[in-house]
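Q: Residue 817 in the numbering used here is what sits at position 712 of the sequence shown, and the numbering runs on without skipping anything.
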Amino acid sequence: MATKYKRPKGRDGAISALNVAIDGFSLAKEISSATPAKAVFGSVSILLGMIKDTMANEQDYVDLGLHCAKICETLKRGMDKTKQEDFSKCLCEAIDQLKATVEEIRGNVTKQSGRHPVFRFIRSRNDKDQIAGWWSELNRILQVFHIELAIDTNATASKTEATVSKIDGEVSKLREEIRSQVRPTKTSTPGESPPPMPRACFGRDTLIKRIVDLAEDLHPMALIGAGGIGKTSIALTVLQHDRIKERFGDHRRFIRCDQFPASRTNFLAQLSKVTGAGIETPEDLASLRQYLSSKQMFIVLDNAESILDPPGDSGKEIYDAVEELARFPGICLCITSRITTIPPDCKRLDIPTLSVEAGCEAFYGIYGLGRSDVVGDILKQLDFHPLSITLLATAAWRNGWNNSRLAREWERRQTGVLQTGHNKGLADTIELSLASPMFKALGPDTRGLLGVIAFFPQGVDENNLDWLFPTISNRSTIFDTFCALSLTHRSGEFVTMLAPLRDYLSPKDPTSSPLLCTVKKHYFTRLSAELNPGLPTFGDTRWIVSEDVNTEHLLNVFTSIDANSDDVWDACGKFLSHLLWHKPRYTILRQKIEGLPDEHPSKRDCLFHLARLLGGIGNQSERHRLLTHVLGLERERGSDISIADTLCSLSNANRELDLHEEGIQQGKEALAIYQRLGNTTRQAECQLNLAWLFYGNEQYDAAEEAASRAIGLLPEKGEEFRASRSHRVLGRIHHSKGEGEKAIHHFEEALRIASSFKWPSEQFWIHYAMAELFSDEGQFDDAHAHIEQAKSFAGDDMYQQGRAMQQWADILFKEGKLKEAMSEALCALEAYEKLGAARAAENCRNLLLNIEQTMEGRAASGESDSDDCTLSETSEHPPSP
């Protein structure tokens, strides 16, 4: 009889117990008959079940060795009671598999215990994933063992050869069927493997590398962005990255937070399940701490806004658990979320839209046809939003649209195209954000405010919230929340949103939005301010510099809705005037204005302001054409003041076109009307225009007299702008008469006056004139200083930038620096051509021709282009631009 096995002690005892058990399995094949073996292996099955229970109850490795030793003891007792006959081949194979499994356990016990200087019953919870793997393998082996034992016992009990033959056939068939179902599997880490990486993740290489770097340093992070921006695809790509696999092995976990009800209990249960902790209902994170802290693990919480912004009162409990999890040693937590409510330890990574190239690659990767500029334009309108690109490409591919058909469908339906079936479309991901408790808590009218942001191409300037939404007390908090939900984002001073969201959320009928109609009135009120540089409030009208695109869009939409609305067209004319004073540029409203019928009550006023705006950007021929048309309309209406205003502005256009005689006649006619009406301010303006016309026509004495009369008609206060211009033209006149000191005196007086009002354009032209004066007198250092000053006042005005570059080129030309002069003149010409400033472009070409001729002359005389000499030293007759 075998002696009773005693419980071993210490590391050596545990290993010894396993060794004894393995030896016992080797002897099992020598048991003499199947009948007693049935009882013996029945006991073995019970003991194997005890091993499984030991693992489930988290006993130590010594208990594991003890139970294996008991199996050995049972086998020995069976040997003593039976004859020496072999079992069947299959049953022997089952014993061999059982032996091999226990040997693997022994090897791992030896490896794990060897890591510690003192082996004190290494607890199974410290390596629960390995223990669970052994449990699974022993369970499989036991199943095979039971099958083989039953088959072998039944076959031995048969009495006749015929019965044995019949049973053997059925048994063989059954054995193969069972073995095909119970296949040996490699011991794996418990828990759920992450999903596969997406088919492609275009344009994210740099971002993915940054995330991988953070993960290798175990730095928690949060990928923040709007719905459909690609957060999940990026996270899955990172999970399957080679460096992440090498760093974390099988301990890479992916938890879909929108797949279970939001509560701390459900979150902890899902965390336990996915990571393989094995605790079905953990009460708190502390119960998982020992397991999660025992290894390095990369965990992704996808769509975390579902648990970080849940309905009910569970939000804080979940947030606290996530915040604590982010601080666990060995854990790298990666959150993907639409909201910015994340633990403070997380590195926030805002996910951008795709680049142009990446967006095209993503589209054509699905669509498949050749590239087209039409598609590129559509993708640009989508702001290269990844989900929108995917939906558009999928819709085009499924419907078999070519590029032309795709363009037509987009023109007709816009983002309505972004629906691919199975209710998967852009609307679904947007509505998910709008269902957020954080959004709903803002109040029932918040959707309307979001619609206003969506309506404007630039979004809403946060600096203007007070006058745009004066009745909304918590407006700043609401805008912060919009950004926190990734419904909007900040772009400079504006809160705006991606184009697909803007198209979906913008009111389909702007007149049906009470809030938008109220905002429209606020814009119109701002436009009604008087535009006079001499007034203290003039600086306030510069709001249009940042709001011009929004204002233009507002007017474009509402003039389309109601072409007969007087207040809209009145605001349109005032908008054009604001652009003239603060941001001269072309406008999309031009076609609508010119398309109005002549009998429309707003046609004359809007056309007049449009003409002045075109003149402000240097397009004098169009200015002249439109003003001529306006003059005809005004003469038909018979308004003297309007006729005089049009004549005065038209005379100024003729001056710019060198049509001085025609301009003088128009100016004199306007002056007579103003004198008859007794309007001294308008008389001063008209005298000033005549001064410029006489100056251009080289009638310097007449010009000086008209300018002096203009100054005499102006009041001391309130008309500083016209006073400055009068001194500027006097400076020009004295410059042309060769009276340099008088010219400087008037320019400096103009500068003094101009410094009292806030209109940089006037200061630009004063410095421009002074640069020309000093350049003509050969004082190039002073000329350089003034042209630099002029450039600083030009700002975004492309026409003034061009004039400054041309003046700079002229100064360099006079200094003999021909290559530099050529470069500056070419830049100026490019600016003029973009603006359609034909007259200025012609003057610039003349300057370029003079530079080229001088360069050719130098080359013919053998002089180097780099010779440092003034033009007067190289030419008897310096050409004038």
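No residue lacks a Cβ here, since even glycine has one placed at the ideal position from N, Cα and C.
Predicted, not measured: the structure shown is a model, and the values here were computed from it.
#1: If you draw a straight line from the C-alpha of GLY994 to the C-alpha of ALA500, how long is it?
#2: Can you grab the Cα-Cα spacing for the pair MET326 / LEU487, in whole Å?
#3: My understanding is that LEU632 touches PHE680, with C-beta atoms under 8 Å, so please give their C-beta distance in whole angstroms.
#4: Hey, how far is the Cα of CYS677 from the Cα of LEU636?
#5: Taking the straight line between their C-alpha atoms, what separation do you get for SER548 and LEU539?
#6: With DSSP run on the structure shown, which of helix, strand or coil describes LEU719?
#7: Using the Cβ count rule (16 or more neighbours within 10 Å means buried), how would you classify LYS378?
#8: Using the beta-carbon count (16 or more within 10 Å), is ALA942 buried or exposed?
#9: What residue from SER829, THR785 and VAL834 has the CA that sits closest to LEU795's CA?
#10: What are the partner residues of ILE360, as DSSP defines its beta bridges?
#11: Once you ignore the five residues that flank SER368 on each side, which residues in its own chain have a CB closer than 6 Å to its CB?
#12: For LEU47 versus ALA331, is the C-beta spacing smaller than 8 Å?
#13: Of the choices LEU793, GLY720, GLN792 and LEU659, whose alpha-carbon is the least far from that of LEU762?
#14: When the distance is taken between beta carbons, is ALA926 closer than 8 Å to CYS949?
#15: For ARG357, which residues of its own chain have a beta-carbon under 6 Å away from its beta-carbon, when the five flanking residues on both sides are left out?
#16: If I measure Cβ to Cβ from HIS346 and keep anything under 8 Å in the same chain, skipping five residues before and after, which residues do I get?
#17: Please confirm whether LEU736 and LEU755 have their CB atoms less than 8 Å apart.
#18: Closer than 8 Å by C-beta to ILE892: which residues in its own chain qualify, once you throw out the five before and the five after it? Chain order, please.
#19: Please report how far the alpha carbon of ARG476 lies from the alpha carbon of ASN508, in whole angstroms.
#20: In terms of DSSP beta bridges, what is MET326 paired with?
#21: To the nearest angstrom, how far is the alpha carbon of ASP667 from that of LEU718?
#22: Where ARG453 and ILE329 are concerned, what is the direct C-alpha to C-alpha distance, given to the nearest angstrom?
#23: So ILE74 and CYS362 are in contact, right, with Cβ under 8 Å, and what is the actual spacing, rounded?
#24: TRP572: buried (16+ other C-beta within 10 angstroms of its C-beta) or exposed?
#25: ARG595 lies in the beta strand (DSSP E); which residues open and close that run?
#26: Alpha carbon to alpha carbon, how far is CYS465 from LEU497? Give it in angstroms, no decimals.
#27: Starting from PHE599 and walking both ways along the alpha helix (DSSP H), at which residues does that stretch end?
#28: Please classify ASP886 as buried or exposed, where buried requires at least 16 neighbouring CB atoms within 10 angstroms.
#29: According to the Cβ coordinates, are PRO448 and ALA431 closer than 8 Å?
#30: Cutting at 8 Å between CB atoms, please list the residues of its own chain near CYS588, excluding the five before and the five after it.
#31: Would the segment 837-847 count as touching the segment 609-620 if we require 3 or more Cβ pairs under 8 Å?
#32: So the alpha helix (DSSP H) ILE871 belongs to, where does it begin and stop?
#33: Pick from ILE494, PHE918, SER897 and HIS734: whose alpha carbon is nearest that of PRO605?
#34: Between which two residues does the alpha helix (DSSP H) holding ASP675 run?
#35: State the DSSP-derived secondary structure class of ASP566, mapped to helix, strand or coil.
#36: Just confirm the distance between the C-beta atoms of LEU621 and VAL557, as a whole number of angstroms; I'd bet it's less than 8 Å.
A: In terms of the structure at hand:
#1: Only positions 106 to 986 of the chain appear in this structure, which leaves residue 994 out of reach.
#2: Walking along the sequence shown from the start, residue 326 turns up at place 221. Walking along the sequence shown from the start, residue 487 turns up at place 382. So the two alpha carbons sit approximately 28 Å from each other.
#3: In the sequence shown, the residue the question calls residue 632 occupies position 527. In the sequence shown, the residue the question calls residue 680 occupies position 575. The Cβ separation is near 6 Å, so the contact holds.
#4: Mapped onto the sequence shown, residue 677 falls at position 572. Mapped onto the sequence shown, residue 636 falls at position 531. CYS677 and LEU636: Cα-Cα distance of roughly 15 Å.
#5: Reading the sequence shown from its first residue, position 443 is the one you call residue 548. Reading the sequence shown from its first residue, position 434 is the one you call residue 539. It is worth fixing the name first, because residue 548 is Gly in this sequence and not Ser. About 12 Å.
#6: Residue mapping note: residue 719 aligns to position 614 of the sequence shown, counting from 1. Helix.
#7: On the sequence shown, residue 378 is found 273 positions in, with the first residue counted as 1. That one is buried.
#8: By one-based count along the sequence shown, residue 942 stands at place 837. Per the 10 Å Cβ criterion, buried.
#9: Locating residue 795 in the sequence shown gives position 690, counting from the first residue. Measuring from the Cα of LEU795, the nearest candidate turns out to be VAL834.
#10: As a first step, residue 360 is located in the sequence shown; it is residue number 255 there, counting from the start. DSSP output for ILE360 lists LEU406 as bridge partner(s).
#11: Within the sequence shown, residue 368 is the residue found at index 263, counting from 1. Closer than 6 Å at Cβ, skipping near neighbours: SER419.
#12: Residue 47 falls outside the range modelled here, since the chain spans only 106 to 986, and no answer is possible.
#13: Taking the sequence shown and counting its residues from 1, the one referred to as residue 762 is at position 657. That would be GLY720, whose Cα lies nearest to the Cα of LEU762.
#14: Taking the first residue of the sequence shown as 1, we reach residue 949 at position 844. Taking the first residue of the sequence shown as 1, we reach residue 926 at position 821. Cβ atoms of CYS949 and ALA926: not closer than 8 Å.
#15: Within the sequence shown, numbered from 1, the residue matching residue 357 stands at position 252. Only PRO299, LEU344 and PHE403 meet the Cβ criterion.
#16: Taking the first residue of the sequence shown as position 1, residue 346 is located at position 241. A distance below 8 Å between beta-carbons, with the five flanking residues on each side excluded, links HIS346 to the following residues of its chain, in chain order: ILE313 and VAL317.
#17: Here residue 736 corresponds to residue number 631 of the sequence shown, with the count starting at 1. Here residue 755 corresponds to residue number 650 of the sequence shown, with the count starting at 1. Yes. Within cutoff.
#18: As a first step, residue 892 is located in the sequence shown; it is residue number 787 there, counting from the start. Closer than 8 Å at Cβ, skipping near neighbours: HIS872, TYR873, ALA876, ALA909, GLN912, TRP913 and ILE916.
#19: Against the sequence shown, residue 476 aligns to sequence position 371. Against the sequence shown, residue 508 aligns to sequence position 403. In this structure, the CA atom of ARG476 is about 9 Å from the CA atom of ASN508.
#20: The residue you call residue 326 lines up with position 221 of the sequence shown. MET326 pairs with CYS439 and LYS452.
#21: In the sequence shown, the residue the question calls residue 667 occupies position 562. In the sequence shown, the residue the question calls residue 718 occupies position 613. Approximately 24 Å between the Cα atoms of the pair.
#22: As a working note, residue 453 is residue 348 in the sequence shown. As a working note, residue 329 is residue 224 in the sequence shown. Rounded to the nearest angstrom, the gap between the Cα atoms of ARG453 and ILE329 is 7 Å.
#23: Lying before the first or after the last residue shown, residue 74 is absent from the chain, which here runs from 106 to 986.
#24: In the sequence shown, residue 572 corresponds to position 467, counting from 1. Label assigned to TRP572: exposed.
#25: The residue you call residue 595 lines up with position 490 of the sequence shown. From DSSP, the beta strand (DSSP E) with ARG595 extends over 594-596.
#26: In the sequence shown, counting from the first residue as 1, residue 497 sits at position 392. In the sequence shown, counting from the first residue as 1, residue 465 sits at position 360. So the two alpha carbons sit approximately 12 Å from each other.
#27: Here residue 599 refers to the residue found at position 494 of the sequence shown. Here PHE599 belongs to no alpha helix (DSSP H); instead the beta strand (DSSP E) covers 599-601.
#28: Reading the sequence shown from its first residue, position 781 is the one you call residue 886. Label assigned to ASP886: exposed.
#29: The count along the sequence shown starts at 1 and reaches residue 448 at position 343. The count along the sequence shown starts at 1 and reaches residue 431 at position 326. Yes. Within cutoff.
#30: By one-based count along the sequence shown, residue 588 stands at place 483. Excluding sequence neighbours, CYS588 sits near THR445, HIS594, ARG595 and VAL600.
#31: no
#32: Taking the first residue of the sequence shown as 1, we reach residue 871 at position 766. 865-881 is the span of the alpha helix (DSSP H), which, as asked, contains ILE871.
#33: One-based indexing of the sequence shown puts residue 605 at position 500. That would be ILE494, whose Cα lies nearest to the Cα of PRO605.
#34: For the purposes of this step, residue 675 is identified with residue 570 of the sequence shown, where counting begins at 1. First-last of the alpha helix (DSSP H) with ASP675: 671-687.
#35: Taking the first residue of the sequence shown as 1, we reach residue 566 at position 461. Here ASP566 sits in strand by DSSP.
#36: Counting from one through the sequence shown, the residue named residue 621 turns up at place 516. Counting from one through the sequence shown, the residue named residue 557 turns up at place 452. Their Cβ separation, rounded to whole angstroms, is 5 Å, which keeps LEU621 and VAL557 in contact under 8 Å.
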